[in-house]
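*Asks:*
Numbering (my numbering), first residue to last: 52 to 342.
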């Protein structure tokens with residue numbers, strides 16, 4: 052993609068030997084599509100926003116975790132009190148004898164969902180490590196560089212240990228209600244979700260859970276689930292040939308007309324217009340590459 056924004060190491064790292072840096076985003080504002088000449092981990096603490104990664108939209112909120120490669124294209128849109136950390140690193144500067152590829156790149160295989168979630172327990176531990184990493188990574192001496200990489204390794208192992216994908220049958224290994232709720236919502240993209248049943252099963256007061264969810268995410272539970280389903284619909288419209296009615300069903304909308312109304316209100320265009328826009332863009336790109 053000619054002329055796109057590329058973030059450079061020299062603008063984010065204090066020296067040519069610094070392997071890792073911490074960039075806090077309090078808050079993360081709307082940011083145009085870009086790539087980097089470094090890699091990063093994105094960990095969301097609270098609020099919500101639309102994260103577009105390699106043309107696929109994700110409605111992100113507290114606990115979401117992404118592993119971003121240098122060549123990945125991503126941007127942030129429709130942010131609402133979004134607070135996150137970017138842990139940026141240069142793979143070629145990492146010196147420890149560690150299988151970094153296994154820790155950091157195994158999530159990027161074709162067809163694998165690049166979004167992970169971090170349990171509440173994992174987030175609490177990660178905060179402490181990131182604070183240490185932020186303090187140490189700005190020091191230029193050799194011992195600090197070594198300690199910085201060691202702290203980064205601890206963080207990567209911690210993330211690996213406590214992460215989960217909400218669509219997985221196993222779900223989170225935590226008793227935290229928010230983790231369990233997020234996992235349940237992630238498995239409900241094409242089926243109804245009954246909050247009252249969830250609350251009864253986990254013995255939690257529905258009103259308190261609603262309030263806590265809004266406090267952490269900036270959205271109601273129903274708004275968040277609808278956003279998840281709409282992001283899924285946008286991806287299917289762009290990358291599949293399914294009929295719009297079938298996409299509506301796959302995304303939890305029993306009525307295709309209602310799906311069209313909700314989709315149009317959210318995106319500013321009908322599902323058909325959304326699909327046609329990207330079809331035209333793809334045709335234009337293919338024609339340009341053939342010249």
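Just so you know, even glycine gets a beta-carbon here, dropped at the ideal spot from N, CA and C.
Please classify residue 292 as buried or exposed, where buried requires at least 16 other C-beta atoms within 10 Å of its C-beta.
*Replies:* Exposed.
*Asks:* Under a Cβ-count criterion, where at least 16 other Cβ atoms within 10 Å of its own Cβ denotes burial, should residue 178 be classed as buried or exposed?
*Replies:* The residue is exposed, with fewer than 16 neighbouring Cβ atoms inside 10 Å.
*Asks:* For residue 180, collect the residues of the same chain with a Cβ closer than 7 Å to its Cβ; drop the 5 residues on either side in sequence, then sort them by chain order.
*Replies:* Closer than 7 Å at Cβ, skipping near neighbours: 202, 205, 206 and 209.
*Asks:* With three or more C-beta pairs closer than 8 Å as the rule, is the region 118 to 127 touching the region 81 to 101?
*Replies:* With a cut-off of 8 Å, the region 118 to 127 and the region 81 to 101 count as touching, because enough Cβ pairs lie within range.
*Asks:* Tell me which same chain residues have a C-beta within less than 8 Å of the C-beta of residue 149, skipping the five on either side of it?
*Replies:* Excluding sequence neighbours, residue 149 sits near 204.
*Asks:* Can you find at least 3 beta carbon pairs, one from the region 53 to 69 and one from the region 232 to 249, that sit closer than 8 Å?
*Replies:* No contact exists between the region 53 to 69 and the region 232 to 249.
*Asks:* Can you say whether residue 99 is buried or exposed, counting buried as having 16 or more other CB atoms within 10 angstroms of its CB?
*Replies:* With 16 or more Cβ atoms within 10 Å of its Cβ, residue 99 is classed as buried.
*Asks:* Do residue 81 and residue 130 have their CB atoms nearer than 8 Å?
*Replies:* In contact: residue 81 and residue 130 (Cβ atoms closer than 8 Å).
*Asks:* Roughly how far, in whole angstroms, is the beta-carbon of residue 115 from the beta-carbon of residue 168, given that I think they are within contact range, below 8 Å?
*Replies:* Rounded, the Cβ-Cβ distance is 6 Å, consistent with contact.
*Asks:* For residue 283, does the count of other Cβ atoms within 10 angstroms reach 16, so buried, or fall short, so exposed?
*Replies:* Residue 283 should be labelled buried.
*Asks:* Using beta-carbon positions only, say whether residue 242 and residue 303 come within less than 8 Å of one another.
*Replies:* Going by C-beta atoms, residue 242 is nearer than 8 Å to residue 303.
*Asks:* From residue 337 to residue 118, what does the alpha carbon distance come to, in whole angstroms?
*Replies:* With a pLDDT of only 49 at residue 337, under the threshold of 50, the placement of this residue in the model should not be trusted; the figure read from the coordinates follows. Computed Cα separation, rounded: 29 Å.
*Asks:* Ignore the nearest five residues each way along the sequence and tell me which others in residue 189's own chain have a CB closer than 7 Å to its CB.
*Replies:* Cβ neighbours of residue 189 beyond the five flanking positions: 65.
*Asks:* Please tell me whether residue 218 has its Cβ less than 8 Å away from any Cβ of chain C.
*Replies:* In summary, chain C is missing from the structure at hand, where a single protein chain is found.
*Asks:* Whole alpha helix (DSSP H) runs in the region 226 to 255 with 4 or more residues, listed along the chain?
*Replies:* Runs found: 228 to 237 and 246 to 253.
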